[in-house]
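Just below is one structure, and these are the notes that go with it.
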Amino acid sequence: MASLTQLADDVHLISLTPRSGVNAYVLGDVLVDAGMSFQAGAVLKAVQGRSIRALALTHAHVDHAGGAHKVAGTLDVPYWAGARDAEAARTGVAVLADGLPGPLRGIAAKIANFPAHPVARELAEGDELAAGFVVLDTPGHSPGHVSYWRESDRTLVCGDVLNGMNLLTSAKGLHTPPSKFTPSVADNTASAKRLAALRPARVLFGHGPVWTDPDALEAFAAKL
18 MASLTQLADD
28 VHLISLTPRS
38 GVNAYVLGDV
48 LVDAGMSFQA
58 GAVLKAVQGR
68 SIRALALTHA
78 HVDHAGGAHK
88 VAGTLDVPYW
98 AGARDAEAAR
108 TGVAVLADGL
118 PGPLRGIAAK
128 IANFPAHPVA
138 RELAEGDELA
148 AGFVVLDTPG
158 HSPGHVSYWR
168 ESDRTLVCGD
178 VLNGMNLLTS
188 AKGLHTPPSK
198 FTPSVADNTA
208 SAKRLAALRP
218 ARVLFGHGPV
228 WTDPDALEAF
238 AAKL
């Protein structure tokens with residue numbers, strides 16, 4: 018069962034699978050991401066009894082937004098998404114990479130779609146989120162992917178700009194997201210380099226355990 022794990026002041030992890038394979042977070046009174054649709058119940062149990070003001074996405078993909086309709090509806094809170102992901106978030110139709118072959122694209126579209134839900138706020142660069150976090154535009158893995166950054170303790174929630182694990186083996190380590198599911202690899206690379214240049218002391222991924230080595234992160238990004 019998912020539960021809250023405190024990582025820093027006003028920062029809590031909700032690990033929805035073993036080895037932090039799929040993560041959501043609570044930043045102050047804002048829930049970030051909601052996992053797959055079948056994980057919505059676990060998210061709701063994890064935040065039970067807490068005051069949640071909004072649900073904010075890092076990006077509108079099924080493993081982050083799949084549970085959003087049930088979670089936001091049950092909590093009766095507004096749903097926020099990056100401006101260029103807002104249409105996907107409100108319709109439940111994710112933007113797919115162009116390189117997918119025809120048959121695979123059809124299958125991916127069925128798997129990638131998720132329950133629609135109205136978007137109350139479109140997030141943009143510099144917007145204040147909660148608990149000292151601000152929005153960074155980090156497109157690539159999705160057109161409107163956003164990350165959340167707190168300068169005071171250099172904590173970064175990076176969504177899927179980077180993964181903290183090998184998605185096939187679950188082994189810990191830095192990886193970029195699969196190119197077949199990243200509409201613009203070039204934009205994602207630029208976003209990864211931007212985030213690494215911040216030298217975050219603590220990186221919180223959509224997939225993978227917390228990363229606390231800014232030197233290794235910079236070295237990884239330099240090779241992209």
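Quick note on numbering: the working numbering labels position 33 of the sequence shown as 50, and the sequence is numbered without any gaps. For each residue, glycine too, the CB sits at the ideal point set by N, CA and C.
(1) Determine which residues share a DSSP beta bridge with His29 and list them.
(2) Is the beta carbon of Thr172 sitting closer than 7 Å to the one on Ala25?
(3) Among Asp177, Trp166, Phe150 and Leu140, which has the Cα closest to the Cα of His158?
(4) Straight-line CA distance for Lys197 to Asn130?
(5) For Glu139, which option in Asp170, Arg167, Ala105 and Phe150 has the closest C-alpha, if you only look at C-alpha atoms?
(6) For my contact list, Ala133 and His86 are in at a C-beta cut-off of 8 Å; report their separation, rounded to the angstrom.
(7) Which word fits Asp50, buried or exposed, when buried means at least 16 other C-beta atoms lie within 10 angstroms of its C-beta?
(8) By the three-class DSSP mapping on this structure, what secondary structure does His86 have?
(9) Mark Leu30 as exposed unless 16 or more other C-beta atoms lie within 10 angstroms of its C-beta, in which case mark it buried.
(10) Is it true that the CB of Leu21 sits closer than 7 Å to the CB of Ala1?
(11) Is the number of C-beta pairs between the region 66-79 and the region 29-49 that are closer than 8 Å three or more?
(12) Would a C-beta distance cut-off of 7 Å place Ala148 and Leu215 closer than the cut-off?
(13) Apart from the five residues on each side of it in sequence, which residues of its chain come closer than 8 Å, Cβ to Cβ, to Leu191?
(14) Would you mind working out which of Pro231, His81, Val136 and Gly223 sits nearest Lys210, comparing C-alpha positions?
(15) How many angstroms separate the CA atom of Glu145 from the CA atom of Tyr96?
(16) Could you give the distance in angstroms between the alpha-carbon of Met53 and the alpha-carbon of Val174?
(17) For Gln56, which residues in the same chain have their Cβ closer than 6 Å to its Cβ, ignoring the five residues on either side in sequence?
(18) Just how far apart, CA to CA, sit Ile69 and Asp93?
(19) Starting from Leu173, follow its DSSP beta bridges and name the residues at the other end.
(20) Could you please give the first and the last residue of the uninterrupted beta strand (DSSP E) stretch that includes Gly52?
(21) Compute the beta-carbon to beta-carbon distance between Lys189 and Pro226, rounded to the nearest angstrom, for a pair I have assumed lies under 8 Å.
(22) Could you please give me the residues that DSSP links to Asp154 through a beta bridge?
(23) For Arg67, is the classification buried or exposed, using 16 other Cβ atoms within 10 angstroms of its Cβ as the cut-off for buried?
Quick look at the numbers:
(1) Gln23 and Val43
(2) yes
(3) Asp177
(4) 16 Å
(5) Ala105
(6) 7 Å
(7) buried
(8) helix
(9) buried
(10) Not covered by the structure: residue 1. The range shown for the chain is 18 to 241.
(11) yes
(12) no
(13) Leu179, Asn180, Gly181, Trp228, Ala233, Leu234 and Phe237
(14) Pro231
(15) 15 Å
(16) 18 Å
(17) Leu33 and Gly84
(18) 9 Å
(19) Trp166 and Val220
(20) Careful: Gly52 lies outside any beta strand (DSSP E) and carries neither H nor E.
(21) 6 Å
(22) Val163
(23) exposed
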